[in-house]
Structure formats: structure tokens, C-alpha cells
Amino acid sequence: MLRLHMSLRAIIVTIIWLGVLSFYRTAYPQIIDRATREADRPIREDVEKKLRVIPKKPPKIEEEEEKKIEGPTFFVTKILLVGCESFPADEFKPIIKEYENREVSIGEINILAKKIEREYLRRGVTAACFLPPQDVEDGVVTLRVVEAHMGALEIQDHSFFDKKRLANYWNIRPGEVLRYSKMSRSLQLMNKNPDRELTAALHAGTKPETTDVLLNVKTHFPVHLTADFDNEGATSTGKQRKGIGVRHNNFLFVDDSLIYGYTHGDDFSGNYAYHRVPFTNSGTALMYGYSLSKAVPKKEYAVLGVSSRSENTSLFVYQDIFREAEYLGEIYFGMDAKDKTVHQTTGTTTRDRLRVVSVGGNFIHNGFGGVTYLSPAFSQGINAFGARSKNPLSSRTSANIDNGIENTFSKFNLGIRHKRPLPLDLQLSLNFKSQISSEKLASQEEFYVGGIDSVRGYPSGDFLADDAFQTNLEILIPAFLIPRKIKLPYSANYLRDDVTALMFFDYAHGERKGVLDAVAEKRIVDFASVGAGLRIRLFNQALLRLEWGIPTGADRPITESSTSRLHFSVTFEDRLPEEIERIKKQIAEETLQNTARALINAELKRPESPLRRKLYGYFQAAQHAYDEGDLEETKKYYETVLDICASLQTQAINYVESCMEHQKSLKKSSELAKKYYNEGDMEKAGELWRKIKKDANIEPLVLEM
Numbered sequence: 080m081l082r083l084h085m086s087l088r089a090i091i092v093t094i095i096w097l098g099v100l101s102f103y104r105t106a107y108p109q110i111i112d113r114a115t116r117e118a119d120r121p122i123r124e125d126v127e128k129k130l131r132v133i134p135k136k137p138p139k140i141e142e143e144e145e146k147k148i149e150g151p152t153f154f155v156t157k158i159l160l161v162g163c164e165s166f167p168a169d170e171f172k173p174i175i176k177e178y179e180n181r182e183v184s185i186g187e188i189n190i191l192a193k194k195i196e197r198e199y200l201r202r203g204v205t206a207a208c209f210l211p212p213q214d215v216e217d218g219v220v221t222l223r224v225v226e227a228h229m230g231a232l233e234i235q236d237h238s239f240f241d242k243k244r245l246a247n248y249w250n251i252r253p254g255e256v257l258r259y260s261k262m263s264r265s266l267q268l269m270n271k272n273p274d275r276e277l278t279a280a281l282h283a284g285t286k287p288e289t290t291d292v293l294l295n296v297k298t299h300f301p302v303h304l305t306a307d308f309d310n311e312g313a314t315s316t317g318k319q320r321k322g323i324g325v326r327h328n329n330f331l332f333v334d335d336s337l338i339y340g341y342t343h344g345d346d347f348s349g350n351y352a353y354h355r356v357p358f359t360n361s362g363t364a365l366m367y368g369y370s371l372s373k374a375v376p377k378k379e380y381a382v383l384g385v386s387s388r389s390e391n392t393s394l395f396v397y398q399d400i401f402r403e404a405e406y407l408g409e410i411y412f413g414m415d416a417k418d419k420t421v422h423q424t425t426g427t428t429t430r431d432r433l434r435v436v437s438v439g440g441n442f443i444h445n446g447f448g449g450v451t452y453l454s455p456a457f458s459q460g461i462n463a464f465g466a467r468s469k470n471p472l473s474s475r476t477s478a479n480i481d482n483g484i485e486n487t488f489s490k491f492n493l494g495i496r497h498k499r500p501l502p503l504d505l506q507l508s509l510n511f512k513s514q515i516s517s518e519k520l521a522s523q524e525e526f527y528v529g530g531i532d533s534v535r536g537y538p539s540g541d542f543l544a545d546d547a548f549q550t551n552l553e554i555l556i557p558a559f560l561i562p563r564k565i566k567l568p569y570s571a572n573y574l575r576d577d578v579t580a581l582m583f584f585d586y587a588h589g590e591r592k593g594v595l596d597a598v599a600e601k602r603i604v605d606f607a608s609v610g611a612g613l614r615i616r617l618f619n620q621a622l623l624r625l626e627w628g629i630p631t632g633a634d635r636p637i638t639e640s641s642t643s644r645l646h647f648s649v650t651f652e653d654r655l656p657e658e659i660e661r662i663k664k665q666i667a668e669e670t671l672q673n674t675a676r677a678l679i680n681a682e683l684k685r686p687e688s689p690l691r692r693k694l695y696g697y698f699q700a701a702q703h704a705y706d707e708g709d710l711e712e713t714k715k716y717y718e719t720v721l722d723i724c725a726s727l728q729t730q731a732i733n734y735v736e737s738c739m740e741h742q743k744s745l746k747k748s749s750e751l752a753k754k755y756y757n758e759g760d761m762e763k764a765g766e767l768w769r770k771i772k773k774d775a776n777i778e779p780l781v782l783e784m
């Protein structure tokens with residue numbers, strides 16, 4: 080009877096629990112949305128950020144003050160400027176008139192010519208201005224301008240990328256005037272690939288009055304492994320999120336980027352693949368891709384058998400925007416096809432099919448003492464291409480409020496990020512994000528409030544809002560307490576330069592439409608937090624974020640209760656080939672220096688060494704002069720010692736380098752001798768081995784003072 084009673088009680092509790100959760104599903108759909116939010120992450124937007132590359136700003140035109148050269152003078156009444164093609168000669172009169180109707184020298188005329196060249200360059204044209212041979216009559220001097228015309232385009236040999244593809248970016252045709260803005264735009268478009276860096280060198284052309292352009296190319300291996308790990312997951316599907324992936328920055332050999340990734344946790348997983356392909360030489364690119372995410376919440380949701388599946392297919396076109404030589408950003412237009420289905424033990428409870436057309440841009444502005452990034456976007460749901468209009472299975476269907484979402488919603492997002500330097504090497508980072516919608520939205524379109532990139536101190540996606548805004552204020556602090564000279568083994572930078580501390584204040588306001596405030600579902604929240612953290616960059620490949628947030632807002636965390644929260648995130652993108660090459664060079668340099676130092680030390684340890692006696696003699700003389708109070712003489716002796724030591728180090732390094740080169744040469748000869756031996760040519764093999772034996776005797780190091 081007791082066992083029957085216990086079983087009956089368990090059945091009753093289970094039924095009540097199922098009833099409560101079922102009630103929550105119909106009355107408070109946000110509970111299910113939050114439980115399955117790992118399947119709704121904005122993957123396409125995250126990939127878009129990874130693929131977005133801001134080209135380096137072109138170098139400014141450096142202006143040097145011309146020095147006045149004294150010399151014979153003559154009176155100049157008028158200066159004629161001939162050879163101008165791109166601009167009328169009269170436009171240079173304000174510069175020229177300073178040298179008319181007065182005594183001038185040849186040196187001053189040359190200074191004027193340089194000023195005209197700089198004015199041409201400031202206007203975006205490369206030109207040479209010079210004083211041709213002439214007989215000056217009636218004080219009239221002629222200056223000739225030769226504007227640079229495009230000659231031949233030469234591209235340095237390089238790996239991994241196609242020369243023809245690079246040449247296609249060069250928009251200046253043979254014979255055309257070389258304009259700085261067009262050259263800069265072409266170079267910036269070439270440099271948008273993160274594994275390639277180009278610079279241009281101009282030199283005299285093979286044809287008269289032309290300038291040839293040589294493109295110097297530096298490339299890296301275009302395939303990279305990626306990984307990430309954080310604690311930003313939901314408790315229902317696993318707090319720890321792991322991800323691995325691969326990125327290829329020249330997949331089809333047309334400067335395209337392919338990115339694939341797999342993310343997973345205890346009870347969720349996701350796959351995505353996106354491909355961005357440039358198809359014009361003016362910065363137009365196509366991006367398409369697909370993502371599939373699944374979530375199976377556990378804990379209190381296990382008895383309901385909740386599972387969620389989200390698919391997203393995207394097609395977008397991007398266009399780079401320039402103003403003369405300045406890169407302003409990009410605009411884009413495209414469509415997402417978003418399908419989401421939620422199942423429970425009772426069957427399918429939610430099915431949304433959204434078709435969302437989006438238009439927006441990502442812009443950059445240098446000014447106001449810093450850099451500002453602006454990202455507006457407008458999204459419109461349409462009832463076409465397989466979209467599913469409102470129906471009983473639409474998400475956010477509430478039994479006591481109204482029906483579910485419409486698929487013809489409108490939404491506007493705005494992101495602003497500003498960075499600027501502060502005194503004492505501090506930096507300010509100000510971030511603002513907002514969203515305004517026409518009606519209540521599906522969970523895929525809602526604004527996530529809470530988390531490491533939102534309001535720290537709150538769980539990631541703790542509240543899903545239709546309308547929201549958030550601000551993040553950060554003060555970035557250099558690692559003053561770390562000694563300047565400390566380095567991790569074989570790191571490119573000092574540890575102090577790779578570690579940044581920060582203090583922050585976060586605030587967000589979010590609202591949900593079509594709901595009433597209740598215990599299980601809030602309509603409005605105000606989240607705020609303060610905190611501090613560290614950001615550590617390792618070997619130019621990994622970024623570690625440790626940020627501790629303390630909630631201070633009017634609303635406490637919803638999905639988890641805690642007085643504070645440590646956010647942890649690490650992202651990794653390998654650059655192993657170039658890092659290995661850099662480390663090999665560093666090891667070789669250290670070996671060279673240490674070997675040279677050991678040779679000098681060995682010489683100085685010999686009691687009979689003349690070098691040792693000479694240096695000790697200078698030290699004793701310096702000490703004697705110091706005891707006599709003759710500081711000038713003391714300084715001279717010590718400077719002599721330093722000069723001798725520097726000379727010894729240079730001699731030792733040159734000796735070690737020559738020995739290393741000699742060793743490489745002997746090794747090559749040995750390999751060639753083995754080849755002859757294997758081919759049966761004993762005569763050549765024997766001759767080479769005898770030469771190796773003779774050349775193997777190394778000349779001793781002779782240090783000279």
C-alpha cells in the first residue's frame with residue numbers, strides 16, 4: 080500500500096508539473112523562447128562581422144619645409160607654368176605670385192617647383208615640376224609640369240593569390256593620369272583580404288612621360304583554424320559553449336572567403352557555412368550561406384520533451400563606399416529565410432517561416448578626436464517566398480492576450496561605437512545599440528538583453544525584447560603594473576602591450592509587446608551593471624576576456640539568481656605558418672647573438688689575451704681618472720670601452736653568420752655528392768667529398784680593436 084501510495088503521489092506531481100509547464104507555454108511563451116534561445120542566435124550577423132575588413136587608411140601626404148638656398152639672384156617679373164593637363168595653370172597663381180616682381184635665386188625657384196608638386200599631390204595627381212634650360216628675357220621664367228601617366232603595371236611574385244586577379248583591381252589604364260585617389264582605392268580594395276598586404280612603388284616608365292607602378296605583395300597562408308569557448312549559454316541547454324571552424328580567404332582563387340563553423344554545448348548544436356565572393360573590381364561582393372541550429376532544453380523542460388530547430392538561408396550583396404581616397408564603409412541589401420519549429424511531447428507547438436528583406440550599412444568616420452562606427456539597418460518581413468502567415472502555430476501565441484506574431488513586421492536597428500584616446504594612455508569606448516519594431520516579433524528577431532556583449536552581470540539573453548536600447552561605457556587601462564620588459568617566450572610583443580584592464584558601466588532598457596507583467600514574464604526591464612575585467616591577446620592569435628559584472632539595475636536577473644557574474648570568453652584564429660616562421664627567425668637571431676657573446680667571453684677569459692689586457696687597462700685608467708676627479712677623462716675612457724665592445728660584438732656576429740652560411744654550403748655540397756653517388760657517378764661524388772673535407776676547416780676568429 081505504501082509503494083502504491085508513493086507511485087500515485089509521483090504521478091499526481093508529474094501531472095501537476097506538466098500542467099504548469101503547459102500553462103506557461105500558452106500563457107508565457109517567453110519561457111520556451113528563452114529555453115531554446117541557443118537555436119536563435121544571430122549567426123549570419125556574427126559571420127558578417129568576422130568577414131568584414133576595414134582597409135588600412137592611406138598614408139597622409141607628408142609636407143617638408145623647404146630650406147631657402149642662398150645664391151645669385153635675378154629679378155623675376157613673371158613665372159609661366161606650362162604642361163598642365165588636369166588643372167588650369169591659373170589655379171596655381173596664389174603659389175606663384177609670391178615669387179614674382181622681386182629678386183629670387185635658383186634655389187627659390189626649385190622650392191617653388193616642389194610646392195607645385197605638393198599641390199598637385201594634394202589634389203590627387205602625381206606630377207613633376209622643374210626648371211628647364213632657358214634664356215630668361217624680360218624677367219619671364221618658365222616652369223614645366225610633367226604629369227605622370229600610367230605606364231606598365233608590375234606585380235611582384237607571391238604565393239597563394241593570382242596575379243591576374245590583382246591586376247583586375249587596378250582601375251588606372253595605360254596612358255591615364257595617375258591620380259592618388261584612384262591608386263589608393265585600388266590598393267585598399269586589394270588589401271581587404273586579411274592575408275595579403277600590398278604597397279605601390281612608382282618609378283620612371285619605359286615609355287616617355289610615363290610612370291611604371293610596381294606592386295609589392297606580402298602574403299600569408301589563407302587557411303585558418305578557428306575556435307572559441309565561453310560561458311554564455313543558457314542553463315537549460317548548457318552554460319559552456321564550444322566552437323571550432325575553418326576559414327579560407329582564397330577558396331576559389333578569386334579573393335573569396337569561405338567560413339565554416341560548428342558550435343555545441345550540453346544540449347544544443349549548430350552548423351553554419353557562409354561564402355563571400357567579390358564579383359566586381361569596385362568593391363561589390365555577394366555573400367550567401369546557411370545555418371542549422373538545434374536545442375533540446377533539459378532540467379525542468381525535460382518532462383515536456385521540448386526541442387527546437389532553426390534554419391536560416393541568406394543571400395546578400397555588399398558595396399564598398401569611398402569618398403576620393405577615403406574609405407567610408409559599405410552598404411548592403413539582401414534577404415534571410417528563417418524557419419523555426421518547436422516540438423513537445425504533445426506534437427508541434429510552434430512553426431514560424433519568416434522571409435526578411437534587409438537593407439543597411441556599416442560606416443566609419445574619423446573625427447571628434449577618435450573613430451566612430453555607425454551601423455543602421457532596416458528589416459521588413461514579407462509574405463512571399465514560402466513565408467507562413469499568422470496561424471495557431473505562430474510563436475508567442477498567448478491564451479489570454481492575443482494571437483501570435485505576424486510575418487510582415489518592420490524593424491529598425493541602429494548601432495554606434497565610438498573610440499577615442501584619453502590622457503595617461505587611457506582609452507574610452509562607448510557603444511550604443513537599439514531596436515524599434517512595429518509589433519511583437521519572433522524570437523529570431525528579438526533583441527537579446529544580458530551577457531558579455533550586452534549588460535554584463537546578467538545571463539546571456541536573460542530578456543528578449545521587441546523594442547530596446549543598450550549602452551556600454553568602458554575605460555581601457557594599460558597594464559601599468561606589469562614591468563615593461565617582460566615577454567612570454569617567443570612572443571612578438573611585450574606582455575604589458577598584450578594585456579588591457581577595463582572598467583565598465585552597462586545599461587539596457589527592453590520592452591515586449593502584447594504581454595502583461597506577470598511573475599513568469601516581464602513586459603519591461605531595466606538592467607544595469609558595473610564591473611571590471613581583463614583582455615589578454617596571446618601570440619596575435621587568441622583573445623581572452625575575463626569580465627566581472629555586478630547587477631545594479633532596478634530589475635534583477637530573471638533566468639538565474641546571482642549577485643554577480645564572471646563572464647569568460649576566448650576566441651582563437653590561427654596564424655601558425657607566419658608565427659612559426661617568426662619564431663624560427665627569432666630563435667636564429669638569439670642563437671646568433673648568444674654564440675657571438677660566447678666567443679667574446681671565451682677570449683676575455685684567457686689570461687694571456689691581449690684584448691683582455693687592453694680593456695682592463697682602459698678600466699684602470701678610467702678608475703684612476705675618476706679618483707683624481709677628472710670626470711671628462713673618465714668619460715672618454717668609458718666611451719672607448721663601449722666602442723671597443725660594440726666593435727667586438729659586430730665582428731663576432733659577422734664571423735658566426737659567415738660560419739653558418741659556410742655550414743649551409745657544405746650541407747648542400749654533401750647532398751649533391753650523395754646524389755652523384757646514388758647515380759653511380761663515383762668520380763664527381765669523390766671530387767665533391769674531397770672538396771668538403773678541405774673546406775670543412777674553419778678559419779679561427781681574430782678580434783681586432
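Heads up, the sequence shown is in our numbering, so the first residue is 80 and it goes up one at a time.
Where is the CB? At the ideal position from N, CA and C, for every residue including glycine.
In this text, all values refer to a predicted model and were calculated from it rather than measured experimentally.
- Judged by DSSP secondary structure, ASN733 falls within the alpha helix (DSSP H) whose first and last residues are 710 to 757.
- Between PRO301 and PHE401, the C-beta gap is not smaller than 8 Å, which leaves the two residues out of contact.
- Counting C-beta pairs closer than 8 Å gives fewer than three between the stretch 667 to 682 and the stretch 645 to 653, which falls short of the contact rule.
- Counting of Cβ neighbours within 10 angstroms places ARG475 among the buried residues, the total reaching 16 or more.
- Runs of the alpha helix (DSSP H) lying entirely within the stretch 227 to 270, each at least 4 residues long, are 242 to 248, 259 to 269 in chain order.
- Within a 10 Å sphere around the beta-carbon of SER489 sit fewer than 16 other beta-carbons, which makes this residue exposed.
- Our two residues, ILE190 and ALA207, have alpha carbons roughly 13 Å apart in a direct line.
- Secondary structure note for GLY317: it is in no beta strand (DSSP E), with a DSSP letter that is neither H nor E.
- Counting C-beta pairs with one atom in each stretch, the stretch 270 to 288 and the stretch 337 to 346 have fewer than three that are closer than 8 Å, which means they do not touch.
- Buried is the label assigned to ARG355, since at least 16 other Cβ atoms lie within 10 Å of its Cβ.
- Of VAL528, PRO173, THR451, ASP541, the smallest CA-CA separation from PRO500 is found for THR451.
- Taking each of LYS664, ASN250, LYS297, PRO253 in turn and checking the Cα distance to PRO273, the smallest one comes out for LYS297.
- Per the coordinates, the alpha-carbon of GLN665 lies some 52 Å from the alpha-carbon of ALA544.
- With 16 or more other CB atoms across the displayed protein chains lying within 10 angstroms of its CB, GLN423 is buried.
- Closest in C-alpha terms to ASP346, from the list PRO630, THR115, ASP217, comes THR115.
- With respect to the 8 Å criterion, ILE133 and ILE495 are not classified as neighbours on the basis of their beta carbons.
- When only Cα atoms are considered, GLY540 and LEU503 end up about 36 Å apart.
- In the three-state DSSP reduction, THR285 falls in the coil class, being neither helix nor strand.
- Judged by pairs of C-beta atoms under 8 Å, the stretch 626 to 633 touches the stretch 606 to 613, as three or more such pairs exist.
- Where ILE629 is concerned, the enclosing beta strand (DSSP E) starts and stops at 621 to 630.
- Within the stretch 455 to 537, the runs of beta strand (DSSP E) at least 3 residues long that lie entirely inside it are, in chain order, 489 to 500, 506 to 516, 526 to 528.
- Judged by DSSP in its simplified three-state form, ASN680 adopts helix.
- Per DSSP, the beta bridge partners of LEU371 are ASN350, GLU390.
- TYR178 sits in a helix when the DSSP states are folded into three classes.
- DSSP, read as helix, strand or coil, puts ILE158 in strand.
- By the C-beta density criterion, THR156 is exposed, having fewer than 16 other C-beta atoms within 10 angstroms.
- With respect to the 8 Å criterion, LEU623 and ALA580 are not classified as neighbours on the basis of their beta carbons.
- For GLY439, DSSP records a beta bridge to TYR411, ALA456.
- Taking a contact to require three or more Cβ pairs closer than 8 Å, the stretch 207 to 223 and the stretch 305 to 315 do not qualify as touching.
- A residue is called buried once 16 or more other Cβ atoms fall within 10 Å of its Cβ, and TYR695, having fewer, is exposed.
- Per DSSP, the beta-bridge partners of GLN549 are LYS512, ALA587.
- Beyond the five residues adjoining it in sequence on each side, PHE559 comes within less than 6 Å, by CB distance, of no other residue in the same chain.
- DSSP links GLY324 through a beta bridge to THR305, GLY340.
- In this structure the stretch 568 to 580 does not touch the stretch 522 to 541; the number of beta carbon pairs closer than 8 Å is below three.
- Contact between the stretch 365 to 377 and the stretch 227 to 241 is absent: fewer than 3 CB-CB pairs across the two stretches fall below 8 Å.
- In this structure, the alpha-carbon of SER508 lies about 14 Å from that of GLN549.
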